[in-house]
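As you go down the protein sequences, you meet chains A, B and C in turn. Going by this note's numbering, the first residue of the first sequence is number 42, and it counts up by one from there. Going by this note's numbering, the first residue of the second sequence is number 42, and it counts up by one from there. Going by this note's numbering, the first residue of the third sequence is number 42, and it counts up by one from there. Read through the structure below, which is laid out as structure tokens, and then see the notes.
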Amino acid sequence: MAGTDNFFVYFQDIEIVMDKGPDIKDITLSVEEVVNKSGIKDGVIHITSVGSTGSVTTIEYEPGVIKDLKDIINEIAPPDRYYEHEKAWHDGNGHSHVQAAIIGPSISVSIRNYEMVLGTWQQIVIINHDIKQRTRKITVTVVGNT
Amino acid sequence: MAGTDNFFVYFQDIEIVMDKGPDIKDITLSVEEVVNKSGIKDGVIHITSVGSTGSVTTIEYEPGVIKDLKDIINEIAPPDRYYEHEKAWHDGNGHSHVQAAIIGPSISVSIRNYEMVLGTWQQIVIINHDIKQRTRKITVTVVGNT
Amino acid sequence: MAGTDNFFVYFQDIEIVMDKGPDIKDITLSVEEVVNKSGIKDGVIHITSVGSTGSVTTIEYEPGVIKDLKDIINEIAPPDRYYEHEKAWHDGNGHSHVQAAIIGPSISVSIRNYEMVLGTWQQIVIINHDIKQRTRKITVTVVGNT
């Protein structure tokens, strides 16, 4: 616990080039960099996907289970099904929006003694659900005391 | 980044009348109003659904894809299936609780230069999963520096 | 709203022994304890599961609907299906990782007048998706003013 004589908000955004969805990339190191730069000892970090066809979560970043997550995401909202979204845009990414809305755009991770508290096999991932390659932006905001 | 000489928490809650679920409403403008009133320049805003049959996420608020999301939510936890929840309450909303728990009650969005960082087509939505019309309450809390 | 003359971050982590997944436990009282100890009047509390086979959400903690949620989680990512994750670890918990990634690791709840703003039937739950009994760690961080 700490008073406000040293309370801070620090932020830095991340951009990452991603393949067509579902593409899942590990951004843990980039987020750790923000924690380190912030100088914040205890607090919380918020990671949010900018754009409605991206989502953020945690998983073990291992090729097999990443493939498994992609498969099940595509079963929850299959790319090859008809979506009413077509009527508005004819852009073929109705499933991308639905998948991203269900996974969700943001997570929060605690910071203790200058480090994020994550499991050994728990990585922070951004998911691009869109149907084309794109550069995704992720906002990273740290709140806590130095 | 900013020190604590101007660090603030600001909050204001939102109430919105919603149809029986799944009903999805865009609350982005109401949340923006809270950001504006807060006077906070850089930080983060937390939006949480109060009540176990509501959820919060982001999606493009376009009638077609909103219909698509409703359909797929009702496939994940179908209203017409038998739920053990019936034994406790006989209120027919077992699917509402399950749907809300899977989508999740809260999101966090970053604030940069007095504005939320959202994609052009990314709106903040509240989902009422309950089986009757109801007024849903959403808490909105801003943390950051002015 | 309040200035920074009394702005605080307070944290305390929770550990809980859980059965093999999906096991769902109510941690609302433990989280309330952290809120009370923090002395924070207005702000927000962040609850995050440490480890990639755990997740956090809210639901009415009632045996029937808890059983319903477990059943549907196991339909989204069935334990008895083949997962590519097997190739890496042969530990039979591919479904655990996928389930946890979809539900998500964290939630945020608002604090008003020294109390969390939750619905009457809305409890904070930790889900162990792993295939064995284990002690799960949850980080709890409160940010706000006294």
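Think of the CB as a built atom: it goes at the ideal place given N, C-alpha and C, for glycine as much as any other residue.
When A/157, A/90 and A/113 are compared, the shortest CA-CA separation from residue 185 of chain A is found for A/157.
By the neighbour-count criterion, in which a residue is buried when 16 or more other Cβ atoms sit within 10 angstroms of its Cβ, residue 164 of chain A is buried. Check the Cα spacing between residue 59 of chain B and each of B/117, B/132 and B/177: the tightest is with B/177.
In summary, the residues of the region 79-102 of chain B whose CB is separated from some CB of chain C by less than 7 angstroms are 87, 89, 91, 92 and 93, in the order they occur in the chain. Here the alpha carbon of residue 78 of chain C sits roughly 14 angstroms from the alpha carbon of residue 69 of chain C. Residue 97 of chain A is bridged by DSSP to A/167. With the criterion set as a beta carbon lying under 9 angstroms from some beta carbon of chain A, the members of the region 145-156 of chain B are 145, 147, 148, 149, 150, 151, 152 and 153, in sequence order.
Residues of chain C with a Cβ closer than 7 angstroms to the Cβ of residue 126 of chain B are, in chain order, 103, 105, 106 and 109. With distances taken between CA atoms, residue 128 of chain B lies nearest to C/106 out of C/52, C/106, C/141 and C/89. DSSP lists B/56 and B/91 as the beta-bridge partner residues of residue 178 of chain B. Under the DSSP assignment, residue 148 of chain C falls in the beta strand (DSSP E) whose first and last residues are 147-153.
Residue-level contact by beta carbon fails for residue 76 of chain B and chain A, as no gap is shorter than 8 angstroms.
Using a CB distance below 7 angstroms, the part of the region 154-173 of chain C facing chain B consists of 158, 159, 160, 162 and 163, ordered along the chain. For residue 180 of chain B, the neighbours in chain C by C-beta distance under 7 angstroms run, in chain order, 151 and 158. Boundaries of the alpha helix (DSSP H) harbouring residue 109 of chain B: 104-117, taken from the DSSP string.
Checking the DSSP bridge columns, you'll see residue 66 of chain C partnered with C/167.
In this structure, the alpha-carbon of residue 119 of chain B lies about 26 angstroms from that of residue 124 of chain C.
At a cut-off of 8 angstroms between beta carbons, residue 113 of chain B contacts chain A. In the three-state reduction of the DSSP assignment, residue 185 of chain B falls in the strand class.
Residue-level contact by beta carbon holds for residue 143 of chain A and chain B, with a gap shorter than 8 angstroms. Proximity of chain B to residue 50 of chain C at the Cβ level (cut-off 8 angstroms) is not reached, the minimal Cβ distance being about 10 angstroms.
With fewer than 16 other CB atoms across the displayed protein chains lying within 10 angstroms of its CB, residue 161 of chain A is exposed. Counting along the chain, the unbroken alpha helix (DSSP H) around residue 144 of chain C starts and ends at 135-144.
Around the Cβ of residue 121 of chain A, a 10 Å sphere holds fewer than 16 other Cβ atoms; the residue is exposed.
Pairing residue 154 of chain C with residue 132 of chain B, the inter-Cα distance amounts to about 32 angstroms.
Contact check for residue 90 of chain C and residue 167 of chain C: beta-carbon distance about 6 angstroms, within the 8 angstroms limit, so the pair qualifies. Rounded to whole angstroms, residue 109 of chain B and residue 116 of chain A show a C-alpha spacing of 14 angstroms. Counting along the chain, no alpha helix (DSSP H) covers residue 125 of chain A, and no H or E run does either.
Exposed is the label assigned to residue 104 of chain B, since fewer than 16 other Cβ atoms lie within 10 Å of its Cβ.
Contacts with chain B at 8 angstroms (Cβ-Cβ) include residue 117 of chain A. For residue 76 of chain B, the three-state secondary structure derived from DSSP is helix.
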